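J.: Sharing a structure with you now.
Right, dumping it as structure tokens:
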């Protein structure tokens, strides 16, 4: 399936990846060929085949409802680019 | 000592031939001299290593040494290590000091091992050549103009070059087995869920699995016993006992039924690689195994299925790198969207962006059924191929890769790079274990034999590989690189 | 003039009362220091993984059983992908295609006492987001992720409601079910229960639905009614002026009492749902579901029915007293102590509820316990005190003047006097002291005398400091006065 630059820009926007027009053009060709490869799947007869999300047929284990974590804010926020009063800072969000 | 296996080193430490500190110092020195050229490490943690070595020596003095106490190894830089940079090969995490240890790291520390550092890798484990690292490509010690394979290329090269006797890697589509093959070492991808993924930076969660990379199957067995097991913090980890894999290595192969998938010997396979693999199979026949051809009819759909499923999961897994709580943040973002877009554009490399874009596109409205759902259906058919084959035979054998290591820069085109994983990728989709063992050499570059088994057949795979290594010496061959520093 | 019909569907988000988060061991307690309860999993740090909380699952299933819903054997968590600062992983773990609770029904009671069944499409588990704080940090927004990962049950109704009142009644019914089950504190002020309201209008008689607007994050019963009222009026006006309703997300502003379009966030969203590879299918077997079913407490509808059939309460009283679990438990406590359901119902709804209301308190913070009130009502029932004295005792209990009704009755000497001799003596005294009134009584027409007796009763009660039995006083007075005629 051939992609247009705006398809790439749309995906880039959804993924919040900044791409300039040159980047987008470059990716159009790569992505088109990757999708052409993926399109080979259409040839496989999958009628009545259930999708497989996990390789093992296992089921979810449940965790006891216990508080096991302690406050590690200071440790975690050492990796944070901008914090104040214990809050992570981001450019003003307009509601 | 840099040529010795983990098992030999363990014996020597036990016998007091040298201490863990001496061993660690010697290897750190070797890394210092040789890794400038190889580039197999992103971080060398000499100080912590020496402290761990001293602690191991003390434990031995107190009579508290276990089978792994004092043994040096390296960790792919995808495993979180408390207080140490965990970059995942990305600029995005160049400033990330993990505040916790991955489950496997905890286990290896508890077992008394000595980590020398964090090895280089393709960014976020996306690649088959280690050329996608923010920290530059890794060279193959067998031939410095060749790639070591990827994404665990740093781990493979470091082990092959004698910088460290063993390392941990991860394998999402062949990232342990393919570099093991290219670098002439032994690498095991365990069954999905055998080893906890907790603290291992995620690429494609339903495919990722950690495993050992070492010089022998026996060493892989030793390491797997240490890192495998149920972890309450990973819902996909399996509650199942962990055998002493090394203790199960003695079984005779008489009567072993080997299947050769005909799809693994078709077009695209280098004839020299094919003949090496067929020679290896003859060795097995001489050990009493029987060989038959089998078919895995959906083999050729594995790469397309993988390149839908893995990028889809990755596009979601990598959304957390947004410049807010950790990782790279662009300078002076003018608004929220600018913060996201610029931080991510600057922090991620080309291949990572490509996969995020593919995954985002195939999951989006109007494409989901045609790509993602279809790929998951094909995934079931691929798994079924293996289940059917294992009704007939005990293990499958074939080449790990279609060619020996290719030259740096040889695969500029992403699709031709993806096709390198033709023999390894289906194994991750099916969740079964696979091991690559050295089985030949073509023009100075190693060839890997891949052995596959049903879910949780690690004991059998390791034994089948081990028996081969009892009668062949491919695993004992060493590259010329670094010999003068012996 | 065209007649319009309103069509309403609600998505109610209920915070489940688990101790820890849905996928991590961090505390869910309200009001902690920012980010002090956001662990590595809640922060979406590299490599960490979710593990599902068993209480969240049990609570969701209990809700399902409480609304007679199907509980599917398998439910699956999906990822809903979008970027926002309060969403650390860049996706919300939710259940898009295989929710934990299937179709069910909720009965609502309207003001006229009529009931109506509202269908629930499904309910699913998901994780809550953090909070963005917009006070000024040098022009930046602060993000607190303590709430991130708190378990939510999202209850999605069918578009079965036809008025703002029905919507409010439905929300109250959900509130009452979840608080009865003890699966949520139902505290709307703290955001434990919030709802999104889908509103559309259509010409009466038309089958097809009109275009709907979604009003996000309404957080009180009153606001739900007002937001809908405003929105219906807006849509009808728009349509009558020849305009069209746009499908959009709107926000209710309680201060302005209006809904406003949220155009800024209304870009083309594509959430790219897919099954979460870090979580496996949740499989609930029959034994598990049956176990939860047998341990289910009595729910509001059952309680209401029992209050009517077993206790003989009116439909209205049964409805009021079963509206919240706290109210029902209090009422049943009073009833058990005093042994008279109707008397208990009158006291709980009358004096007790009135006082709570006046002081702006809820039942949990009432200074008078159910046992204390029960003992008081018991003294009314056995005629130890009369009604007037009982009110005094209640006020004294409320103000903490004594621990029990008996102690206060004793201390204040409020015990009802039923000794005929003592009452007769008081009556004789009053008659002797009131010659003018006695003369008036005697001169009046016999059919006017009934009214005039009130004066004498009042005097006798006053003389007894309220402790005389009023019925007795009445009877004896009548006898004595008539004897004088």
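Residue numbers (the numbering used here), protein chains in the order written: chain A, 162 to 256; chain B, 1097 to 1582; chain C, -18 to 466.
Ideal Cβ placement from N, Cα and C applies to all residues, glycine included.
Given the structure is predicted, the values throughout are model-derived calculations rather than measurements.
(1) Note the first and the last residue of the continuous beta strand (DSSP E) segment covering residue 1545(B).
(2) Mapping the DSSP letters down to three states, classify residue 1281(B) as helix, strand or coil.
(3) Along the chain, where does the beta strand (DSSP E) that runs through residue 136(C) open and close?
(4) What are the residues that DSSP puts in a beta bridge with residue 121(C)?
(5) For residue 1283(B) versus residue 1309(B), is the C-beta distance shorter than 8 Å?
(6) Taking only three categories from DSSP, how would you classify residue 1444(B)?
(7) So, is residue 410(C) buried or exposed, given that buried needs 16 or more other C-beta atoms within 10 angstroms?
(8) Identify each residue in the stretch 22 to 47 of chain C for which the Cβ-Cβ distance to at least one residue of chain A is less than 9 Å, and report them in chain order.
(9) Can at least three beta-carbon pairs, one atom from the stretch 1112 to 1125 of chain B and one from the stretch 1137 to 1156 of chain B, be found at a separation below 8 Å?
(10) Would you say residue 1294(B) and residue 1199(B) are within 8 Å of each other, going by their C-beta atoms?
(11) Hey, out of 269(C), 385(C), 25(C), 367(C), whose CA is closest to residue 350(C)'s CA?
(12) Can you give the Cα-Cα distance for residue 1358(B) and residue 1386(B), rounded to whole angstroms?
(13) For the alpha helix (DSSP H) containing residue 1356(B), list its first residue and its last residue.
(14) Checking the sheet assignment: what are the DSSP bridge partners for residue 100(C)?
(15) Taking Cβ-Cβ distances below 9 Å as the criterion, which residues of the stretch 1208 to 1232 of chain B are in contact with chain A?
(16) The beta strand (DSSP E) that contains residue 1168(B), what's its start and end?
(17) So does the stretch 1175 to 1186 of chain B actually touch the stretch 25 to 36 of chain C, counting three or more Cβ pairs closer than 8 Å?
(18) Less than 8 Å between C-beta atoms, sequence neighbours within five positions excluded: which residues of the same chain meet that for residue 1568(B)?
(19) Using a beta-carbon distance cut-off of less than 9 Å, what residues from the stretch 1431 to 1445 of chain B approach chain A?
(20) State the DSSP-derived secondary structure class of residue 176(C), mapped to helix, strand or coil.
(21) Since residue 104(C) contacts residue 190(C) with CB under 8 Å, what's their CB separation in whole angstroms?
(22) Exposed or buried, which one is residue 356(C) when buried takes at least 16 other CB atoms within 10 Å?
(23) Comparing the C-beta of residue 270(C) with each C-beta of chain A, is any distance below 8 Å?
(24) For the stretch 1400 to 1425 of chain B, which residues have a CB atom closer than 7 Å to at least one CB atom of chain C, in sequence order?
(25) Could you tell me whether the Cβ atoms of residue 1478(B) and residue 1411(B) are closer together than 8 Å?
(26) For the structure I just gave you, are there three or more beta carbon pairs, one from the stretch -13 to -5 of chain C and one from the stretch 137 to 147 of chain C, closer than 8 Å?
(27) With burial defined as no fewer than 16 other Cβ atoms inside 10 Å of the residue's Cβ, what is the status of residue 211(A): buried or exposed?
(28) Contact defined as beta carbons within less than 8 Å: I believe residue 130(C) pairs with residue 108(C). What is the distance between those atoms, to the nearest angstrom?
(29) Using CA atoms only, rank isn't needed, just tell me which of 1330(B), 1222(B), 1552(B), 1354(B) is closest to residue 1248(B).
(30) What does DSSP give as the partner residues of residue 1388(B) in its beta bridges?
(31) With respect to the beta strand (DSSP E) encompassing residue 60(C), which residues constitute its N-terminal and C-terminal limits?
(32) Can you check whether the C-beta of residue 1298(B) is within less than 8 Å of a C-beta belonging to chain C?
(33) Please state whether DSSP places residue 246(C) in a helix, a strand or coil.
(34) Taking buried to mean at least 16 other C-beta atoms within 10 Å of its own C-beta, is residue -3(C) buried or exposed?
(35) Starting from the Cα of residue 372(C), find the closest Cα among 406(C), 458(C), 329(C) and give me that residue.
(36) Assuming residue 422(C) is part of the alpha helix (DSSP H), what are its boundary residues?
T.: On the basis of the data shown:
(1) 1541 to 1548
(2) coil
(3) 132 to 138
(4) 252(A), 118(C)
(5) yes
(6) coil
(7) exposed
(8) 22, 23, 24, 26, 32, 33, 34, 35, 36, 37, 38, 39
(9) yes
(10) yes
(11) 385(C)
(12) 16 Å
(13) No alpha helix (DSSP H) holds residue 1356(B); the beta strand (DSSP E) holding it covers 1353 to 1357.
(14) 86(C)
(15) none
(16) 1168 to 1172
(17) yes
(18) 1376, 1379, 1535
(19) 1431, 1432, 1433, 1434, 1435, 1436, 1437, 1438, 1439, 1440, 1441, 1442, 1444
(20) strand
(21) Wrong, their Cβ atoms sit about 22 Å apart, outside the cutoff.
(22) buried
(23) no
(24) 1408, 1409, 1412, 1415, 1416, 1418, 1420, 1421, 1422
(25) no
(26) yes
(27) exposed
(28) 5 Å
(29) 1222(B)
(30) 1355(B)
(31) 55 to 62
(32) yes
(33) Because residue 246(C) carries a pLDDT of 48, less than 50, the predicted location of this residue cannot be relied on, and the following value inherits that uncertainty. It is helical.
(34) buried
(35) 329(C)
(36) 416 to 424
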